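One structure is given below, encoded as structure tokens.
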Amino acid sequence: MGDTAAGWLQAAVLVAALALSHRPLGGALAHVLTTDRHWRIERLVYRAGGVNGDADQRWPAYLRSLLAFSFMSTLFLYAFLRLQDHLLLSLGRKPVPADLAFNTAASFVTNTNWQAYAGEATMGHLVQMAGLAVQNFVSAAVGIAVVATLIRGFTRKRTDRVGNFWVDLTRLVLRVLLPISFVFAVVLVAAGVIQNFHGAHAVATLAGGRQNLPGGPVASQETIKLLGTNGGGFFSANSAHPFENPSGLTNLIEIYLLLVIPFSLPRTFGAMVGDVRQGYAVVTVMVLLWAASVVLVTANELYRVSSPAGHAAGAMAEGKETRFGIWSSALFAVSTTLTSCGAVNSAHDSYTPGGGGMTIFNMMLGEIAPGGTGSGLYGILILAVVAVFVAGLMVGRTPEYLGKKLRGQEMRYASLYILTTPALVLVGAGLAMAFPGERAAMLNPGPHGFSEVLYALTSAANNNGSAFAGLSADTVWYNTGLGVVMLLGRFLPMVFVLALAGSLAGQQPVPVTAGTLPTHRPQFIGLLTGVILIVVGLTYFPALALGPLAEGLR
Amino acid sequence: MARTTLPTALRHHLAALRMLLALTVITGVGYPLLVTGIAQAGLSEQANGSLLTTHGTAVASRLIGQNFALPARHPGDPHEVPRPDPGWFQPRPSAGGYDPGNSGASNLGPTNPLLTATVRARRAALAAFDGVPPAAVPADAVTGSGSGLDPAISPAYAYQQVRRVARARRLTPARVRRLVTRQLHGRDLGFLGQPYVNVVELNQALAEEARPGPRRPQARTGLTDS
Chain H
400 MGDTAAGWLQ AAVLVAALAL SHRPLGGALA HVLTTDRHWR IERLVYRAGG VNGDADQRWP
460 AYLRSLLAFS FMSTLFLYAF LRLQDHLLLS LGRKPVPADL AFNTAASFVT NTNWQAYAGE
520 ATMGHLVQMA GLAVQNFVSA AVGIAVVATL IRGFTRKRTD RVGNFWVDLT RLVLRVLLPI
580 SFVFAVVLVA AGVIQNFHGA HAVATLAGGR QNLPGGPVAS QETIKLLGTN GGGFFSANSA
640 HPFENPSGLT NLIEIYLLLV IPFSLPRTFG AMVGDVRQGY AVVTVMVLLW AASVVLVTAN
700 ELYRVSSPAG HAAGAMAEGK ETRFGIWSSA LFAVSTTLTS CGAVNSAHDS YTPGGGGMTI
760 FNMMLGEIAP GGTGSGLYGI LILAVVAVFV AGLMVGRTPE YLGKKLRGQE MRYASLYILT
820 TPALVLVGAG LAMAFPGERA AMLNPGPHGF SEVLYALTSA ANNNGSAFAG LSADTVWYNT
880 GLGVVMLLGR FLPMVFVLAL AGSLAGQQPV PVTAGTLPTH RPQFIGLLTG VILIVVGLTY
940 FPALALGPLA EGLR
Chain R
92 MARTTLPTAL RHHLAALRML LALTVITGVG YPLLVTGIAQ AGLSEQANGS LLTTHGTAVA
152 SRLIGQNFAL PARHPGDPHE VPRPDPGWFQ PRPSAGGYDP GNSGASNLGP TNPLLTATVR
212 ARRAALAAFD GVPPAAVPAD AVTGSGSGLD PAISPAYAYQ QVRRVARARR LTPARVRRLV
272 TRQLHGRDLG FLGQPYVNVV ELNQALAEEA RPGPRRPQAR TGLTDS
């Protein structure tokens, strides 16, 4: 089979697998988020934590629990990293320096998994599995918990209760993330991903040299890294590393894992609001954007657009693994930047200006197609709120979405949500470019160097975590600055989503009339897609013009 | 009693910490231990790195590429450029020199003149080394991988090296070509990824082909006797 046929078949099989998972997984998530029954182990966890699993919280209380949990997670992980030399399985690794430990703690708690360190040189096994990987589970669950409150805002009426944070968190970890991770961890081991507690293992090589082969509990961390759209690799090379992603088969499994929850959540949404067509409309927009991006990036890479180095080599092979090639690399790159995953199986920095520029644009969309676990769905629902509002302005009546009125208060929260991330990206990138020391961190000359900085800020503010990795970001300035951007980019939007959820839940639903905008028809799908592209395009066009566009048009 | 006297905010944060610790025990200790137990019990070959052995000693992981360079002229000098050994199939260039303690890519951009110049220089050097026209050298031979540990090369690059390896090892090209053909991997399930040749496995097969003596127990006994 030729490259082209194999590439299309791979994409088709991926889409089919995701489509088959959509209903069962989306339905299971809806059940988990709505049932009254606790499992026995969940009761044990609530007792261990000293929390009440039966009381619904108002949105400020829900937010307080979420922030307290995330704050303690950051402190705990920071201490873990600083003290790792005193712990088991540290492999003799030194304590992580303060600025890098803050950056890494913020990064994993916010589901970003930006990595200014190289795992194989910096982290012991215990801190990887009991520090970093734990955040992979819980930060993913926190994202889904927040979208659950927003959905409840639409489904509940005249209440100030949006759910119980501890129950949502515990159930999502124990009933969804843990079982799926476990099954696929065993599958990945069978396919070649390592799972042991060895330190580096020296071998005398075939040619008479020496090589230290690393060990570690990689497979168990690999699955949740993808399933929770976290993206923090056990090794520096992430999913390009053969011990993380040994074959074309594991590569497809990994792409599937990082997309499956975000693409199933619209079903959860549809099921919970009692109209699955609403979920289909949202997932259709996600699929359209994802498919368009796959085609654009793959085509740019195949045709070596505006890439002298690619023409000199004969193909865009720099930074790509032989066993994957262009099709499997581009599919991964698009999927990881349109979610909040940020795992990489190839070096985005060496992509064509158009292909690399698309990965930045994907993140700038706010990671909504399909987006991170939970954060993708609440991101696109906020944009759906804006789209409904825009349509309401056109006909001059108070807009409603799913029976809830979008008044000044709701639109204020939605607007603040939409303004937060671009402000962080553009102010942050502007500051970095204003300081000569931070400019010097660029590896590549010209507009591509600016793209590295823009990528870093976009990745941090959107909690993606992938990088144009040429940027030397392990400096006090970048570690601190990006750490703060990650925290603000994660938790400020969550505040606005929870406030919106509370405001919606308090409303009495209005009946559907002839004048109500239907939000499940192709018309709305087109409207929402248009709003997404216009909002993002207008916000970021100047920055993109200075980076990838300037590089591509040179 | 102590609990009721604590300020509310502190109580919240203590509860959060206890929840975190409970979930850490389950997902951060229990889960990886369980997966490791299963992996070591039933899938130990893969779980321990898919090692290749020669005479019972591990010489490589089949997943991790290696250097096949001549011994350094100035072993202490970090700037010395390694010279490829003509008697081995050569892997792709690596940003980290096939050191698993330093995985990663060059990260050079598509318009970076340094990358273009490096690619051109590699193309010229390989064409001379393998005795082929520069235009025939495939892309993977002149570019670094994403991990810097890529054990695979394209079938085209493997076949390009046959004549040079055969000459250096005093084998017939047909014999070496047969080795390459035996090591061709198709796409996974016929459509996933790209076809490739694993250089580490190919070179191990080459070593066994070229030096059949030490493989036989008798020959080894003979050596120790003398």
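Chains as they are written, first to last, in my numbering: chain H, 400 to 953; chain R, 92 to 317. Note that CB positions come from ideal geometry on N, CA and C, so glycine has one too. None of the values given here were measured: they were computed from a predicted structure.
In chain order, V875, N878 and T879 place their CB closer than 7 Å to the CB of D498(H), counting only its own chain and leaving out the 5 sequence neighbours on each side. Taking 7 Å as the cut-off, the Cβ atoms of F583(H) and T622(H) count as close. Taken in chain order, the members of the region 109–135 of chain R whose beta-carbon sits within less than 8 Å of a beta-carbon on chain H are R109, M110, L111, L112, A113, L114, T115, I117, T118, G119, V120, Y122, P123, L125, V126, T127, I129, A130, Q131 and L134. Residues of chain R with a Cβ closer than 7 Å to the Cβ of M528(H) are, in chain order, G119 and P123. Within chain R, the residues whose beta carbon sits less than 8 Å from that of M400(H) are R278, G281 and F282, listed in sequence order. Residues of chain R whose Cβ lies closer than 8 Å to the Cβ of N744(H) are, in chain order, G237. Residues of the region 160–187 of chain R with a C-beta atom less than 8 Å from some C-beta of chain H are A160, P162, D176, W179 and R183, listed in chain order. Within the DSSP bridge table, the entry for G562(H) names Q456(H) as partners.
Residue-level contact check: H146(R) does not touch chain H, since none of the beta carbons of chain H fall below 7 Å from its beta carbon. When 9 Å is used as the limit between beta carbons, P844(H) is near these residues of chain R: G200, T202, N203, P204 and L205, in chain order. With a threshold of 7 Å between beta carbons, T99(R) makes no contact with chain H.
At a cut-off of 7 Å between beta carbons, Q137(R) contacts chain H. Remark: C-beta atoms of A768(H) and L688(H) approach each other more closely than 7 Å.
When the Cα atoms are used, D455(H) and L651(H) turn out to be separated by approximately 40 Å. Residue environment: M885(H) is assigned as buried (16 or more neighbouring CB atoms within 10 Å of its CB, all protein chains considered).
Between T738(H) and G771(H), the C-beta spacing is below 7 Å. By the 16-neighbour rule on beta-carbons within 10 angstroms, W458(H) is buried. In terms of Cβ geometry, A218(R) and P225(R) form a close pair [threshold 7 Å].
The distance from the Cβ of L432(H) to that of A547(H) is about 5 Å, consistent with a contact at the 8 Å cut-off. Judged by DSSP secondary structure, Y877(H) falls within the alpha helix (DSSP H) whose first and last residues are V875 to A904. Residue state for V450(H) is assigned as coil, using DSSP reduced to three classes.
The C-alpha of A107(R) is placed about 12 Å away from the C-alpha of T473(H).
For L124(R), the closest alpha carbon among the candidates L476(H), A467(H) and A529(H) is that of A529(H).
For H600(H), there is no enclosing alpha helix (DSSP H); the enclosing beta strand (DSSP E) has its first and last residue at H600 to A603.
Inclusion of H847(H) and E950(H) in the CB contact set at 7 Å is warranted, their separation being smaller than that value. G452(H) is the residue among G425(H), G452(H) and A691(H) whose C-alpha sits nearest the C-alpha of W438(H). Here the alpha carbons of P177(R) and A163(R) stand approximately 14 Å from one another. Buried is the label assigned to L656(H), since at least 16 other Cβ atoms lie within 10 Å of its Cβ. L903(H) and K556(H) have their C-alpha atoms spaced approximately 8 Å apart.
Note that the region 795–813 of chain H touches the region 914–934 of chain H; at least 3 beta-carbon pairs, one per stretch, sit closer than 8 Å. Under the three-pair Cβ rule at 8 Å, the region 592–612 of chain H counts as touching the region 153–162 of chain R. By the 16-neighbour rule on beta-carbons within 10 angstroms, A208(R) is exposed.
At the C-beta level, I654(H) and V617(H) stay beyond 7 Å of one another. Contact note: N595(H) reaches chain R through T127, A130, Q131, S135, A138, N139 and G140, using a C-beta cutoff of 9 Å and chain order. When the beta-carbon positions are compared, M762(H) and V935(H) stay at least 7 Å from each other.
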